[in-house]
Structures are given as C-alpha cells and as structure tokens.
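Asks:
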Amino acid sequence: VSSDVGAAPRARLLARVDEAARVVAPLWPLSTFVAVNPLWDLRQMPFHEAVAYAGQVLGINGYPPTAMFARAYAEGRVTAADLRAVLDGERAKERSARMGAERGDGIGRRLRAPRPSTAAERHDRVLGTKVAEAVDREVAKWCAAYVAGVVPDDAARGFYAAWRQVVVYDPAARSVAGRAGRGRLAELGEDAEEAILGCLDLLGIPEAGRTSELARHFARMPGWAGHAKWRSRWAAPDHPGPAVHLVDYLAVRLCYEAVLLESFGRGPGLRRKRRRTLRGGSGLTVNASKEEEPQGSAEDPQADAEEPLGSAEDPQAGAEEPLGSAARRAGLGAAGLPEDVAGRLSRLGATEAARVWLAAYENHYRDWLLDALDRAPSPRRKPPAAQVVFCIDARSERLRRHLEAAGPYETLGLAGFFALPIRYRALGSADAVDLCPALVRPSAQMAERPTGASRATAARALAGRQVLAGAHSAFGSARKGAISQFVLAEAGGFVAGPIAIAKTLSPGRYRSARSWVQRVAAPPSDTLVDADPAAGGLSDEAQAKFAHAALTTMGLVHSFASVVLLCGHGSSTENNPYASALDCGACGGNRGGPSARAAAAILNRPATRRLLAERGVAVPDGTVFVAGEHDTATDTVAVLDAHLVPPSHRDVVAALQSALERAGAAAAMERCPSLPGNESRRRKGRPAERAADWAQVRPEWGLARNAAFVVGPRELTAGLDLGGRCFLHSYDPGADADGAALETILTAPMVVAHWISAQYYFSTVDPAVLSAGDKTTQNVVAGIGVVQGAGGDLRVGLPLQSLYVAERAYHEPMRLLVAVHAPLALLDAVVARNQVLRELFDGQWVHLVQREDRRDRWKIRHSDGTWARWSRAAALATRSVANG
Amino acid sequence: MHIVGLSWAGALCLAGAVGAPLAGAVVSIVSRGGGGYRAAARLGWISALLAGAAAGVVALHGPYLAAAESASGQVVLGLWADQLTVTLVLLVCVVGAVVQSFSLRYLEGDRTAGRFLAAANVVVASTAIVCASATAAVLVGAWVVAGAAFVVTLGCRPDLAGVRWATRRTLRMFAVGDLAVVAALVLLWLRAGNLDLASPGALRSAAAHLGGLATPVALLVAVAALTRSAQGPLGRWLPGTVSAPTPTSALLHAGVVNGGGILLVRLGVLTGGSMLAMAAVFTVAAATAAVATQAMARRADVKGALVLSTMGQMGFMVAECAVGAYLAAVVHLIGHALYKATLFFGSGAQVPRPGETPVIPAAVMPNVTRAVASAAAAAATVAAMAAIPQVLDHRGAFALLVFAAGTAASASWSWWGRARVSASGALLWATALLGACGIYGLVLGGLGRWIGPSLPAVGTGALSPWWLAAVAGTGVAVAALARLPAVRLRLVAVLVDAAAPAEGYARARRGRGRAARTEGRGYAPAPVGVWEESAA
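Sequence lines, in order, name chains A and B.
Just so you know, the numbering used here puts 318 at position 33 of the first sequence, and the rest follows in order with no gaps.
Just so you know, the numbering used here puts 166 at position 165 of the second sequence, and the rest follows in order with no gaps.
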C-alpha cells in the first residue's frame, strides 16, 4: 500500500465511508433476493426522522400519497374515527418523538446536515451544466462492465484498479473530459482510498462536510452503491466474482467529478463536443434541460426554500399544503371527512398530516386484528393425527387454515430454515448455498448424498445433468462466438420458434413436457441429506443443540404426533428475474426443501433424540419427522424423501398428503381471484398454468399485503381467517421461562419480517426510487440486478408488479404490527436487553402489542416504553374493515 | 376495374391474413381490455392460419395474384403470392400472433396495452403487405406505414424518458430511410411507371429503362434497407429501443428489422445490378457484423447484448443479399426472427440460481485433443451437410459451410470443456451434432426447393459469395486481437463504450402510474454557491 497517505487519514476516511453508507441499504444479487428495510442503517433514528433524513439525501417520499389515503377513506379502510383518535393522541406522540430525537443523537446529529450535495451537483445547479449526470452515466457503465467480468482484472485487484487501467483508453472519457482529462483520471491515486482523499482535497471539500458529501455520492445511485455495500459488508468474504467495494465505487465517482470540474475550471480549452455533452445543449439555465431532468423542484426557488419533505403530491401545489385540504380537494370534504377532522388536519403541516393518516390507517387494521383475535373461536382439543410445521411466511396462513379444516391436523409456525443455519451442497452441485436468513451466518455444512441403494441411479442422474449442462454451455459459447453465432441463430430459430409458440399457447403442457425430458435425461433418484457426524457433518452435540432450539422456539416440546411434517416453501415460476424474492426469505431467498430435509434428518437420528431427552425434550420413538415443500405458486405440497418414511407411518403420511391436496386446492381458490387476469372462469383456480407461464409477470402475489407478526400458540389464532396477511410464529411461554425462545423470535424472525414489511412499504410509497420499476421494461444486468431500459443505476426493491395493479396499490403500506402472547415482564426484559428491539419499538419502526393469553387484555407499547390498554370501543367502531 | 385472382380461395386467404391484424387493431382500440384484447389475439392466430392456407394454395396451384387491375391490365393495387412472399407473410403473421398472445398476459394492468396491441397489429399487417406487395407503389406505401406504426408502438410508454428519447431518434432515422425509398420510387415511376413486382420480366425491363439512374436508385434502396436493418451509422436508433417493454422488442427484432432484407430480396433485380451499391452495402454490413458481435460479448445487460447480436445478425443477412445469396438471406431472416423473439421473451430467465450448476468432472480433455476433436466435428459437419441433397445447390452455399463448420467447432470446444471424456459422451455428441446438421440441412435444402424458383436472379453487380468468408475472417481477427495484451485494454475500452447506450436513460426513474406524483420531484440541491460547503 502506498506511500503519500498515512494510516490515520485512511482510518478516518473508512469511518466516514461507513457512516455515509448508512443512507443506502445493501442490495443482494437477484439470485438470492433478500427483502431489506431500505433505511435499516438509519434505525438509530426514529422512523419519522429517518424518513425525513432519507428525504433529504435520497430524495424519497416516505409516506403513502394522498390519493392512496383518499381512496382508503372512500372505501372505509380508514375512518374519521380513526383520524380523530390519532389526532387526540398527537400531542403525546409529539412529546415522545422529541424524546426519541434526543436519544438518537449519535448518527442523527452528525448526519442531520441540511441537504447534502456533491460538488458536481452544486456546479450543475449554479452553471446549468450536467456534470453529475455524466458522472452517473460513466460510473454505471463501468460498474456493469466490471461486474459482468468484461474489464480485465487478472490480478483481482478490484474495481478501482481495473477501471484505472482501462479508462485511459475510453472514448467516452475523452469526450467528456478531453484527452488530457482522460489521462488525469488515472493519476489521482494509487489505490481507492488515496484517490478519494486526493479528490476530496482537489474539490476543496472541508473536513466537516465530507461525510455528507460522500453520503450524497452513495445516494445518487442507491443501486450500485447498495451492491457495493452488500459486497463490502454483507457478502461472504470468499464470495466469488468481481468485487465492487464501497471505496472503489466512491473513488471512481470522485475521480470523474474532480477531473470534470477541473476541466471546467480550465475554461476556454474545452472542446466543443465535450462542452455540449456536459452542458446538455443550450446555455446556462437549468430550465432549458427541464425535460430530461426529473429534479424539477430545483427550478422553483420557493419550493426550495420551504420544507419539501413528505409533501408528495405535486410540487407545483407547494410543499406546505396540508393533507386535510388536499383531501378536501380530492372530494373528501364533501364526501364525508367531517369538518372537525378536516379542520384539525389542515392546521397541521403536510408531513404531520401524512403521519396522522398513516397512523390512522395502521390503527384501523390493528383494531380489526386485535378484535378478531379476541373473538377467535376456542379450538376443540383432539390429539392430532399429524403435526405440520410451516414457515412463518404469511402465505402459509391460508394453507394452515385450510389444512386444519381438512382433517385432524395441528399446524405450527417456525422460520423456514428450522433454526438450522447451514451451507448446503446439493448432490453433484458445483456451488454451495447458504440456507439461512441474511442476518445469520451459516454455522455448519451439510451435503446431499445418494442412499446405499441408489448409488447407481444417482450417478446416472448426475451424468444426465452433466450432459444437459454441457449442451447448455456449448450453446452459450456458440451464441457469442465470432463465427458461430450466425448459423446457430438461423438453425436455432427453427427449433426455438415452435418452442416459443408452445410455451405461449399452453404453458402448463410445455412445462410438463420439459420436465419429462429432464426426467428422461436425468432420472430422479432417492437421496438424503447426510447428518452423520462421521461424514463431516455436525457433531451429535451440535445437532442436539439445533434440534432443541428449533423445538423450544416453536413450543413443540410435548404431545408429539406420530408424524411431524417439516414443510419448507419455494415458488416455481418461469422467466422471472425476481423468482428468488418469492422463495423462502428465511433460507436466504432459496427454496426451503433442503432445510426441511436437513432438519428432519437431524431430528430423526437416535443420537439426537437421546441428547434431546437429556435436555428435557422427550421425542417419543414412534414419532417420525418428514420433510416437505410447499410450492406457493401452485399451493401444492410435495413430500420429500418419501423413501425414508418407515412403512409403519406411510398410511398417516398418505392421509396427510391427500388432506394437503384438498387444503391446497381450497387455498388456491381463495387466493386466485385477487390475481389480475383471473376474471375468466376458465383461468380461475388454475394456479399451475399461471406459474408455468413465461408471459406472466405476476405469477403470485408473494408477500404483498403482509401486515402483522403474531407470536403465540396456534390455538389463539386457529379458525380465524387472517387473509394470508400475518406471519404466524408458534410460541409457548410455558416452555420458555428465561425468555430465550422469545428473544430468538423477536431478534431473528421478527427482524426478517420487519425487513420484508419495510421493503414492501417503501417500494409501495416511493416506487420511483425504492422499487425495481416495471417488470416489462426491466433489463437483467450481469445476472445480479436489473436496470430500467438501456442502462443506468441498478434498481432496488421489489418490482411494481409485486405491489400494484395498474395505478392501484395492491399492497397496503403499513409498518409491521407485532402481536406477542407472553407475560409483560418477560417481554419487557427481552426488549430491554436487546438494542435492536429498543431501536425498532422506540423508534416506531414496528408497532408492538401484547397480551398474555386469551383472558388477558391487549396492551399497546408506546415509543417511550410505557404500555396503554387497547380500547375495544374504537375497535367496535371500525370493525367493518375488509381484510382480504 | 375488376378484381381478378388466379385462385379465388388463395386470394381470399391472403387478403384475410393481411386483413385480420387490421381488424385486430380496430378491436384493440375500441375495446377497453380483457375480452377485446383476447379477441384481437385470436384474430392474430386466424391471420397466421390464413397465411398458412394461402401458402398451401401456392403449393397446390402455383403463384397467384390478388389485385385490382386497371382496364389495360396493369396492376394498380394488390398482393402477389408466390413461394417467397407467402412464406414471409406466414412468418410475419405467426410472429405477430405470438407477440399478441404473450402481451395479453405480460401487459396485464398496463393502460397502454390497447394502444400497443393496435399499433403492433398495424405493423404486422403492413409488414405482411411489404412482403407480398404486387407493385412497387404498394411496397413503398406499406413500408412507410410499417415504419410509422412501429414508431407508434415504440412510443406507447411516453412516461419513460428512455422511450421518449428512443422514439424521437427512431423517428428521425426512419424518416431518412423512408425518404430514400420514396425518392427511389419516384425515380422508378418517372422512368418505368408503377412497377409490377409479380413479373420478373417487368422488373428486368424496368432496370433497363432506368439506365443511368440505376445506381442512384439502388443506392437509395440500400439506404432504406440499411436503416431498417440497423446497419452502421444508420442503425443508431436500435440500442435505445430496449427502453420499451419486452414485447415491443420482440416485435422489432423478429419483424421490423427484417425489412431491409425483404426489400433487398424483393427488389433484388434492381439493386443487384449496381456493383457500387452492392459493394457499399456489403462493406457497411460486414463492418457492422464484425463490431457488433464483439461488442455483444462485452455487454453486461441481457437486452443490450441481444440488440448488438441483432445488429450483427442483420449485418450477416444484408451481406448475404449483397453477394446475391438470396436463399441464404431468407433462411437467415426466418431463423433469426424466431430465435431472437424467443430470446427476448425469455430475457427474464437470465438470473442464475445457485446450486443448479452441476460439478465439472475432474477428467476433461487436454487442449490439444480438444482442438482435434473440434476440428473433427467441423469436418464431420461439412461432410454431413454436403451429403444432404440440394444443400449445395444455391449461391453462397459453400461460404455458408464455412460458418457451419465454425459453429460445430466452437460448440464442440465448449462441450468437451465440460463433458466427461467417455465413449458414450462422444457418441452422444456425434449424434447431437449430426442431428443438428440434419435439421439445418433439411431446412436449407427444403426451403431452397420451395422458395428457390421465386427468388430473383442474381444481378450483375453482386459480389462473389466468398466475400462472406471475409465476415468470418474479420470476426476471428478481432477476437484474436482482443487476446493480445497490448491491444486488449484499448479494445475493451472501445467496445464497452460502443456497447454502452448513448443517452436517454441517465435519470429515467419515473415509476409507473405515479408519473404525476413523481414528475418534477426528487432531490433538490440547496441554492448555495458552487464551492460553498453545505454542511456548515
């Protein structure tokens, strides 16, 4: 490492980079999409403050738009009574928000600078140039080329070094910076950190302003910055492939900015072409570039001078217009928003009004849910024929409800990796997969292997897969060859054409035909997930520890049925870059089947059973754990490793399978009408056809409309139609004296649920910045992300088709509601000893309600940690809400 | 005037094949969704079936005319059905039907879907008319309509900044090409009247009438063809079009870009006579093919790579036209259209899922053996193709064999890089290779037998078909240069930049359906001095 720059400035810089990068969220590659709270690293601030800060730096609007609330009001989804209740409590809330603001001093203070901007943006603003846009364009171009492996980087020295080598030949760099400037790009530092420090000096950024300057550099391209953040902070250190790190990204950006602005300083030497590129055509006014420039509010000095945050609707109307009067304009005043509510809303600022609407909208659902839980029917106690453990995923709720109705079955909810964070290698697979939530690191390796009897067939299957892979690779390289692509295209077309027609006209039949071919080429064979310590797996002790954690976390410590089905989930969709977003989030965006198989293998081992008994959990010898996988696109459940089920239990499993089939059909019938395009009777209830369709941009709704996370025994929620909107985690306070299980639930699955909920929330309320945009115009880049159209920044978040139907939001943007059935003292103790929980609950990122059991009353936690009793009267007034 | 047709049934079918998409366009515009769109898609398939029936009539009764003639027997308006034209019409109608069926689900909830379907139907109908027009005036008129309708299709999503930019650019460049072809028509008309495309004799005599104007007319037609097929500097409109929804791209790459080839084949007698025009066309097309295929491999995004691939493929097809290898060009046009539409539709499937790649076997072939095996595969391909009857009967067939051999060698090289070395592996690969040769040879031979009689005679100006090998040579040379360390970085920089979109995407971040809300919103920097620190 060179020379000129000492260790201290470097350390200070790295701390600044970390601090500045808080404004963007990590962006996982599409192959393992992880829903993430886009403001996760701002959680030290209360929700509303973080939204305001992100509004400043990212330019987002963090609240649902007025039109959405207006429609909700018209539909009775939020009522005047809800608004009144929130307005009455507003004073208390303001007080606690102030307290929260004072508490979140660290980052809040330092980052709460007024509107950070980059030097290029300030230059553009004053001189009407388009330097910042040119920088974005060039950086995005090189990020994409580097990640795709196009830029030579033989020594794997990283993005900055590789870019520096090649940019001196880049024609585009010459056209924006001139020949001398292009050479200068590579002279600003031997390594990325040196380059950043040198550029900041060149640009004359004082020490005090550097963090916010860097933050704005990240915020200009949340996609590539998020990718870099994932690579630097979240990816496994040994993750293969070209790595764009946070400092690389900043160094390249800053080099362009420094050189471009420097070249402007030199003035008359500019080549005309370059001037045109940078100036955006005509003259020095920003107005001339209006059409290309979405940052229109920069044109209006008045809007600028005022508070723009959370104002939303329409910048021309002025940022300060209160939502009350906006609502009146939308016809709400006349249509029924009573005068007193409208008056009180109009006295509030726009942001405060949006907060009131949001709170009322959330409370309306909360009241409905708590009332429903209060009225849940008492279950009939009958020993179940089998127990089925589903993932907490909200989509499981429907299937669980219908399964319980279909037979004497008990269901439980547990995060879909079954508390077993493993790195899993499928039989004959080149790469291992981390099957655990993003917050957890895998602590063990497990692999699939053939059974003794199936060794020969497994070898044949592997050979078949290798043939298919070889053919695939032969096609892939011929497709790109300088000579081969011509004949390949014309010969391939006569094969591809009929296939395309078949796929379009009869997707279901095409999928069956394809899987028939795959079965013939690589016949399936019986395999198992090896749990034997002798085979390099986990030790008996470690296995027992995991098994114990899994069973106690969901409260399944006695009354075992003879069959316990562990049911992971995945989604079989076609032509879907966001396929992994529909798979199990607790398995890191992978299918959950392997986790279920591994957990079942561990729980069935006699050694595990013996050690479990020593720990106080006696699993009867007659109990067999079976693995399964729920396909959420088709609502079918496959039993995996059926060859491992002992003959004595096969009848029970067969009966369970047929019950699951009926339950799945019923769940599909319930779910399908909400999917657009299902209006014709022929298509209704044919989810398999839809899942197999390569033209389908909404194969299923995924987790849209998720709203609440309910922790407690299933008997308190059984029999309730929760509309597939609730994460249901089983929990038995009786088996959890020290709160360890509750702590696990709240710090792991609940945080994952919060990430999902926040991802859906922010993608819905600001699709322009925080969603992945329209699927029909998406363009997959290097297999790791998408851009819209021809290029530019990677898109973050979920695609619009997962959230909207045309202009109408299908998802209801709300913060997650967590309803816990546990003793209040225990819950308070768990919250008190976990900082992340305090941040989430105190900062109102997540709403927490509690009751001990069916006889108890619900209590709502305020941001200062006090509890208020939930009033049933409000619930009765607003009970009419629809939930589905 | 009276309507005549050699075969009434055939004429009706052909007219129906062209008319059904027009009816579909009306239905999509009038209806407001669901049922109407489905009806339009059904009309698309009806049109494809009718085109198939029209082709059947040609097979049974030979070529026929569906036309309105003047009293003197001069064809005024009409369609001409021979083996070539009905095949092209069938292709266009099938592509149109698939695009519509796909879009029906893909564009669910898109408010502009109706407009898209209508405009796409007009593109299909007018392109079909271009394929089968009986007179030059009909051809040029339909050509202009097809271009305009495509620009409308492209502009269906004005909420996207990239689309607005691409639409403007496409409109400008199409205008250049269309002006050229209209000028060519005017010159033709002045010298030879409304040219009857159905009769080779009329075409030949028109060429003779043109005299000194033959070269200008050929050059004007060439400009139109190069523009529509996105060649050289005239193809700069193509990369921006990826901003539009996927079905627009599929329609474009399977239908619209073929226009250049169709024009050069149908007016082959006129253009093929001018050596200057053919040489210019060949140079532009070959250079485009060489650059685009290299840039394609250096493009990070799926759709961008497909765009560059299309430019290269169209370069190959246009070069085939320039050397008079009309059959090869038509086969390429059809095969590539189906291939590229499939790849665009499936462009969402380009995300690898971890855990799905099988282990590479430990024992792979040493490189020398691998090279020998690849060479053997190439030789076997040449032998197998040559053995299939009628494969070698057409112009340029031997040059095409070079490309087929290259394909076999390239595929074998990567196959033996992955596959386990074993007798059964070799047998499997040989079988697959021979099967592929068989399919390709039968397509080539079969289409040659079917279309051959209706292709234009090779003009005096056509280059030698061996020039096609120059395309291959350039490609290999550039690929080899890219491996030299001294050239590598420069070439990468130039090719990455050539592959990058020029403009029009930079801050195109407007959400669907939220255009009003997000318009003009976004980050607003504070009004501070340029160098003033904002975080004071």
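Cβ coordinates follow ideal geometry from the N, Cα and C atoms, glycine included.
Quick one: residues in its chain with C-beta nearer than 6 angstroms to the C-beta of cysteine 872 of chain A, no 5 flanking neighbours on either side, listed in chain order?
Replies: Gly701, Phe702, Leu720 and Ser880
Asks: Taking the CB atoms as reference points, tell me whether alanine 278 of chain B and alanine 223 of chain B lie closer together than 7 angstroms.
Replies: yes
Asks: Out of B:Pro246, B:Leu220, B:Gly262 and B:Thr242, which has the shortest C-alpha to C-alpha gap to serine 230 of chain B?
Replies: B:Gly262
Asks: What does the alpha-carbon distance come out to for the pair arginine 469 of chain A and threonine 128 of chain B?
Replies: 51 angstroms
Asks: Use the C-beta contact count for proline 234 of chain B: other C-beta atoms within 10 angstroms, 16 or more gives buried, fewer gives exposed.
Replies: exposed
Asks: With a 10 Å radius around its C-beta and 16 neighbouring C-beta atoms as the bar for buried, classify lysine 341 of chain B as buried or exposed.
Replies: buried
Asks: Could you tell me which residues DSSP pairs with leucine 1013 of chain A in its beta bridges?
Replies: A:Val995
Asks: Between which two residues does the alpha helix (DSSP H) harbouring tyrosine 38 of chain B extend?
Replies: 35-62
Asks: Determine the closest residue to asparagine 875 of chain A out of A:Leu315, A:Ala743 and A:Ser548, with distance taken between C-alpha atoms.
Replies: A:Leu315
Asks: Determine the chain A residues that contact leucine 328 of chain B at a beta-carbon separation under 9 angstroms, and present them in chain order.
Replies: Residues of chain A passing the Cβ test: none, with the nearest at roughly 12 angstroms.
Asks: May I ask which residues mark the beginning and end of the alpha helix (DSSP H) holding alanine 381 of chain B?
Replies: 368-388
Asks: If you compare alpha carbons, which of B:Ala147, B:Gly36, B:Ser423 and B:Phe345 is closest to alanine 176 of chain B?
Replies: B:Ala147
Asks: Return the chain-ordered list of same chain residues with a C-beta closer than 6 angstroms to the C-beta of lysine 788 of chain A, the five sequence neighbours on each side being excluded.
Replies: Tyr795 and Trp979
Asks: On the DSSP bridge list, what partners appear for glycine 256 of chain B?
Replies: Glycine 256 of chain B is not bridged to any residue.
Asks: Assign leucine 790 of chain A to buried or exposed, taking buried as 16 or more other Cβ atoms, counted over all protein chains shown, within 10 Å of its Cβ.
Replies: exposed
Asks: Rounded to a whole number of angstroms, what is the C-alpha to C-alpha distance between arginine 686 of chain A and threonine 838 of chain A?
Replies: 21 angstroms
Asks: Using CA coordinates, which residue listed in A:His833, A:Asp916 and A:Ser1042 is at the minimum distance from threonine 858 of chain A?
Replies: A:Asp916
Asks: Can you find the residues in the same chain that come closer than 8 angstroms, C-beta to C-beta, to glutamate 387 of chain A, ignoring five residues on each side of it along the sequence?
Replies: A caution first: glutamate 387 of chain A carries a pLDDT of 45, below 50, which makes its placement in the model unreliable, though a value can still be read off. Nothing meets the Cβ criterion.
Asks: Sorted by chain position, which residues of the same chain lie with C-beta nearer than 7 angstroms to arginine 158 of chain B's C-beta, five sequence neighbours on each side aside?
Replies: Closer than 7 angstroms at Cβ, skipping near neighbours: Thr113, Val164, Ala245 and Pro246.
Asks: Go through the segment 111-189 of chain B residue by residue and report every complete run of the alpha helix (DSSP H) that reaches 4 residues or more, in order.
Replies: Counting only runs of 4 or more, we get 114-133 and 137-155.
Asks: Is serine 411 of chain B close to chain A? Criterion is C-beta to C-beta, closer than 7 angstroms.
Replies: yes
Asks: Could you tell me which of A:Ala835, A:Glu492 and A:Gly443 sits nearest to alanine 1033 of chain A, measuring between CA atoms?
Replies: A:Ala835
Asks: For the segment 777-846 of chain A, which segments carrying the alpha helix (DSSP H) assignment without a break, of at least 4 residues, lie completely within its bounds, in sequence order?
Replies: 792-806 and 825-838
Asks: Can you find a C-beta in chain A that's less than 7 angstroms from the C-beta of serine 250 of chain B?
Replies: Using a CB distance cut-off of 7 angstroms, serine 250 of chain B does not count as an interface residue toward chain A.
Asks: Determine the burial state of asparagine 861 of chain A: buried for a count of at least 16 other Cβ atoms within 10 Å of its Cβ, exposed for fewer.
Replies: buried
Asks: If we define contact as Cβ-Cβ less than 7 angstroms, is valine 302 of chain A a contact residue for chain B?
Replies: The Cβ of valine 302 of chain A sits no closer than 7 angstroms to any Cβ of chain B.
Asks: Buried or exposed for valine 369 of chain B, going by 16 or more other Cβ atoms inside 10 Å?
Replies: exposed
Asks: Please classify proline 457 of chain B: is it buried, with 16 or more other beta-carbons within 10 angstroms of its beta-carbon, or exposed?
Replies: buried
Asks: Measure how close the beta-carbons of phenylalanine 346 of chain B and alanine 251 of chain B come, nearest whole angstrom, since I'm counting them as under 8 angstroms.
Replies: 6 angstroms
Asks: In three-state DSSP terms, what is glycine 1024 of chain A?
Replies: Three-state result, glycine 1024 of chain A: coil.
Asks: Interface residues of chain B around alanine 247 of chain A at Cβ under 8 angstroms?
Replies: Within the shown structure, residues of chain A are numbered from 286 to 1169, placing residue 247 of chain A beyond reach of any answer.
Asks: Do the segment 95-108 of chain B and the segment 350-361 of chain B make contact, defined as three or more Cβ pairs closer than 8 angstroms?
Replies: no
Asks: Quick check on this structure: which residue in A:Asn1119, A:Gly913, A:Asn346 and A:Ala1057 has the alpha carbon closest to the alpha carbon of cysteine 676 of chain A?
Replies: Looking at the Cα atoms, A:Gly913 is the closest of the given residues.
Asks: With a threshold of 7 angstroms between beta carbons, is alanine 378 of chain B in contact with chain A?
Replies: no
Asks: Are the C-beta of glycine 347 of chain B and some C-beta of chain A separated by less than 7 angstroms?
Replies: yes
Asks: List the residues of chain A that tryptophan 467 of chain B touches, going by C-beta distances under 8 angstroms, in chain order.
Replies: Correct list: empty, because the minimum Cβ distance to chain A is about 15 angstroms.
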